[in-house]
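Residue numbers (this note's numbering), protein chains in the order written: chain A, 100 to 562; chain B, 100 to 562.
All C-beta atoms, glycine included, are put in the ideal place defined by N, C-alpha and C.
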């Protein structure tokens, strides 16, 4: 009758195979609308299977509406089912981009995961899994796990000199989601978004994708020039006042005050991204600008640098006026974070293992920073000037009179160095061509020393 | 001099307290611009603290730009710092909505978490924590943990008769995020979004929030009426073909084929939300509509019902044409899911503990369904007609000639019953007033039996 091949050693049951073959025949038009199917007895005999098998396959076809049954008559193919055949799933695809062999990766924003206290963290996960109750594994809403918000309030006080109430803290999937949600809820029709120049390309792309006109604040060694915002109609301004990304400046108090006054006068919000200032190596800790105004500033923090990126936990401290809209948007975006990591992090903070971990990492990163600065000095002498090295996991390195472009970065990649000029982070292609960014937190001392030597050769080659 | 009160038994260091008091004085204008600060020696003596303490506080003020230092002259308050004082953090807030005492909660979409195999799941978490390497705790991109995608492809074949390739599977934070991202990437200017009526209010709100014109497909006991989409300009159509939410119909093959032909002719995508069809109690399993077209259908699945909501893992099977845009959008939304749960779920699927769990839960939910149907029959007789009960964790219950409105739901809540009429899920307020939705998966047998009795009294009261 029809060419039906059943695979008796396959994983799929015979009845499912038969159902699938008949269904494909109907969809492809091989079995036309109105065509009668053989009786179950007949087909069973022909295929050498039990009649039950054929009955089950017909039953599946009938349930899904592929065939019509009438008492005393053969089953017939239903009307209006013919489709083009589905595409072959194994058409070849474009090959993935070839991965370069990078020996010295000066990319920024990468913590040293080899020094992470995995044993302690796993202990936290175990504690969390054992202490959470069933209702906590159901939906618990967009704000975040309450004990984590409490623990975070204490942590912000200890680590960042910041007094905030747990009720104003909202947990997010990293700072990326925090910024994404803020671009949604802070939108005021036609008004722009203030950004530092240079700044993180991801943040810029996200804000541009949302359709905001961008208003630039040129950054110098003291951070963003707030005066550039005068007269602009703004929805929000994004700043990194504790450690300007990527140049590393600390926004001085007068610019902070000017920014807050402007936000109040012109009715916009300030997003403070405090992405890595836990690691400060010299002098006293820098207060977040959030300490100066609770009503105009959204403080954004993340554990991607202090713990690890795949944890996906960040948070915002929100002015009360934004909280309702935030909850609505988060609810419709992805509801909430998974509960387990939140509970583990709460434990890690409550037991002050976090404090110990940060002290340990600060020592380690401090040693790496020292190694980097010494290597740079002994290799480049006065040719290169390190900037923004007082905190964080990267530095900016200025080579007066040099020009580093796309070609330089590509040439470096060929010799095993991943490094970017600041111009890649700048809006105007003509600016910051003399400065390179060096992430060092994730590198070994040896990689830092060798990487600086390799960089010397690469820089010498373009002179 | 100034009224400075230091708390010697507080958690904050004396130097930080002093810094904070001086900073607040400057921001509030109590210390005016240009005003000279006392020498460190003088202030230390007055406060009875060490000179180092005062030096440290002054240093913090200087680092943040609150004061200016000149050699041989007293430190002075910088210009332009006066701000209104930050709001008191302890202003009273609106009290939270009062929580009703609900004894019989017929809300839909809630799995029975008391029957979840927590011990096995925790074993999976342990396995995952031990087997993941450091690089897997860094950013690993928006697609999802590769072994989970592989395990999911196998699971879809076993559980849903669906042949898909792991490369087309993308992990999400639940189906909510999947839908949210799809509303972003499927947008075609001015074109609408097709939705079933009635449908999930959350889905409707999300799509409406995104600014899409909505095009309605009235649903009957066979699911959505596809013909209602004829002539509409559409970006996408959202359907629940295996178990129409909330009425429970199975979309017949001819409507499926018509929908796919329409999508091809009019250039739109079909979103298939397969939210709970793992639990099918009668007859043969229903194939996803995805099996009929790989190029036009986005298949959305979730583990919120089969495992637990706070896991936050769902997935999409994406046509190749959408994958690039998806990766871009996910990258800027929240980058990726946490890795730990993904690895635990991969283990749970690979070891087929998932298969065993689903079989166990299907038995349990089947017993609850039986109890519910028997209770309804013995309590309401022929007054109430159960619908859409062949799969899932809820049924629709039709009372011909009855009218259930907002007042009925409120009255029920007062007597301890949470229940909603389907009209709450419908676009037109006049429809589906005779039908109630009963979620039962999370209830005990006793709650089901007592809840049905309580419901009888509530229904009798409105006759």
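### Task
State yes or no: is the beta carbon of residue 365(A) nearer than 8 Å to at least one beta carbon in chain B?
No, because no Cβ of chain B sits closer than 8 Å to the Cβ of residue 365(A).
### Query
Would a check of beta-carbon distances place residue 213(A) closer than 8 Å to chain B?
Interface residue, yes.
### Query
Shortest alpha-carbon distance to residue 202(B) belongs to which of 559(B), 550(B), 377(B), 557(B)?
If we check each option's Cα against that of residue 202(B), 550(B) comes out closest.
### Query
Less than 8 Å separating the beta-carbons of residue 463(B) and residue 211(B)?
Taking 8 Å as the Cβ cut-off, residue 463(B) and residue 211(B) qualify as a contacting pair.
### Task
Using the Cα positions of residue 188(A) and residue 514(B), report the straight-line distance between them to the nearest angstrom.
At residue 188(A), the pLDDT of 48 sits below 50, so the modelled position is not reliable and the matter cannot be decided from this model.
### Query
What does residue 202(B) reach in chain A if we use C-beta pairs closer than 8 Å?
Neighbours of residue 202(B) across chain A, judged by C-beta separation under 8 Å, do not exist; the nearest C-beta is about 16 Å away.
### Query
What is the rounded straight-line gap between the Cα of residue 377(B) and the Cα of residue 428(A)?
Going from the Cα of residue 377(B) to the Cα of residue 428(A) covers about 29 Å.
### Query
For the putative contact between residue 309(A) and residue 426(A), defined by C-beta atoms under 8 Å, what is the C-beta separation to the nearest angstrom?
Going by Cβ atoms, the distance from residue 309(A) to residue 426(A) rounds to 20 Å, so no, they are not a contact pair.
### Message
For the pair the region 329 to 345 of chain B and the region 452 to 470 of chain A, tell me if three or more CB-CB distances fall below 8 Å.
### Response
Taking one beta carbon from each stretch, the region 329 to 345 of chain B and the region 452 to 470 of chain A have fewer than 3 pairs nearer than 8 Å; the two do not touch.
### Message
Need the endpoints of the beta strand (DSSP E) that residue 397(B) sits in, please.
### Response
Residues 396 to 401.
### Query
Considering only residues of the same chain and omitting the five flanking positions on each side of residue 373(B), which have a CB-CB separation below 6 Å?
Closer than 6 Å at the Cβ level, and outside the excluded window around residue 373(B), lie 341, 387, 400.
### Message
Measuring straight from C-alpha to C-alpha, what distance separates residue 391(B) and residue 164(A)?
### Response
Rounded to whole angstroms, residue 391(B) to residue 164(A) spans 13 Å at the Cα level.
### Task
Indicate, with yes or no, if the ligand ZN has a heavy atom lying under 7 Å from the CB of residue 466(A).
As presented, the structure is devoid of all ligands, the ligand ZN included, so that no description of it is given.
### Task
Could you work out which residue in 278(A), 215(A), 270(A) is closest to residue 540(A) when comparing CA atoms only?
If we check each option's Cα against that of residue 540(A), 215(A) comes out closest.
### Within chain B, partners of residue 279(A) - CB distance below 8 Å
Within 8 Å Cβ-Cβ: 431, 432, 433.
### Query
Quick one: is residue 407(B) near chain D, going by C-beta distance under 8 Å?
No chain D is part of this structure, whose protein chains are labelled A and B.
### Query
So, is residue 375(B) buried or exposed, given that buried needs 16 or more other C-beta atoms within 10 angstroms?
With 16 or more Cβ atoms within 10 Å of its Cβ, residue 375(B) is classed as buried.
### residue 233(B) at chain A interface by Cβ criterion, 8 Å
Closer than 8 Å to some Cβ of chain A, the Cβ of residue 233(B) qualifies, so yes.
### Assigned exposure category for residue 383(A) - 16 Cβ within 10 Å defines buried
It counts as buried.
### Message
In the DSSP assignment, the beta strand (DSSP E) including residue 584(B) goes from what residue to what residue?
### Response
Chain B is shown from 100 up to 562; residue 584(B) falls before or after that span and cannot be answered.
### Task
Report yes if the C-beta distance between residue 313(A) and residue 292(A) is below 8 Å; otherwise report no.
Taking the C-beta atoms as reference points, residue 292(A) is found nearer than 8 Å to residue 313(A).
### Message
Residues of chain A with CB closer than 7 Å to the CB of residue 352(B), please, in chain order.
### Response
Within chain A, the residues 163, 164, 165, 177, 180 have their CB atoms less than 7 Å from the CB of residue 352(B), given in chain order.
### Query
So does the region 315 to 322 of chain A actually touch the region 342 to 360 of chain A, counting three or more Cβ pairs closer than 8 Å?
Here the region 315 to 322 of chain A lies against the region 342 to 360 of chain A, with 3 or more beta-carbon pairs under 8 Å apart.
### Query
Among 128(B), 219(B), 166(B), which residue has its Cα nearest to the Cα of residue 182(B)?
Per the Cα distances, 128(B).
### Query
Straight-line CA distance for residue 448(B) to residue 251(B)?
For residue 448(B) and residue 251(B), the distance between alpha carbons rounds to 7 Å.
#### Entry: Backbone CA spacing between residue 488(A) and residue 173(B) [nearest angstrom]
Cα atoms of residue 488(A) and residue 173(B): separation of roughly 29 Å, rounded to the nearest angstrom.
### Task
Could you list the residues in the region 334 to 359 of chain B with a C-beta less than 9 Å from some C-beta on chain A, going in chain order?
Within the region 334 to 359 of chain B, the qualifying residues are 349, 350, 351, 352, 353, 354, 355, 356, 357, 359.
### Task
Give the single residue among 536(B), 526(B), 450(B), 498(B) whose Cα lies nearest to the Cα of residue 492(B).
Comparing Cα-Cα distances from residue 492(B) to each of 536(B), 526(B), 450(B), 498(B), the minimum goes to 536(B).
### Query
Skipping 5 residues on each side, what residues in its chain have a beta carbon closer than 7 Å to that of residue 407(B)?
The answer, listed in chain order, is 210, 212, 215.
#### Entry: Nearest candidate by alpha-carbon position, reference residue 482(B), set 555(B), 546(B), 105(B), 235(B)
The shortest Cα separation from residue 482(B) among 555(B), 546(B), 105(B), 235(B) belongs to 555(B).
### Where the beta strand (DSSP E) through residue 317(B) begins and ends
First-last of the beta strand (DSSP E) with residue 317(B): 313 to 319.
### Task
Compare the C-beta of residue 437(B) with all C-beta atoms of chain A and state if any pair is closer than 8 Å.
Chain A, which has a Cβ nearer than 8 Å to the Cβ of residue 437(B), makes this yes.
### Proximity test, Cβ basis, 8 Å: residue 474(B) and chain A
Taking a beta-carbon distance threshold of 8 Å, residue 474(B) does not count as an interface residue toward chain A.
### Query
Taking the C-alpha atoms as reference points, what is the distance between residue 116(A) and residue 335(A)?
Distance between the alpha carbons of residue 116(A) and residue 335(A): 58 Å.
### Query
Helix, strand or coil for residue 293(A) per DSSP?
If DSSP states are grouped into helix, strand and coil, residue 293(A) belongs with the strands.
### Message
Could you pull the DSSP bridge partners for residue 176(B) from this structure?
### Response
166(B).
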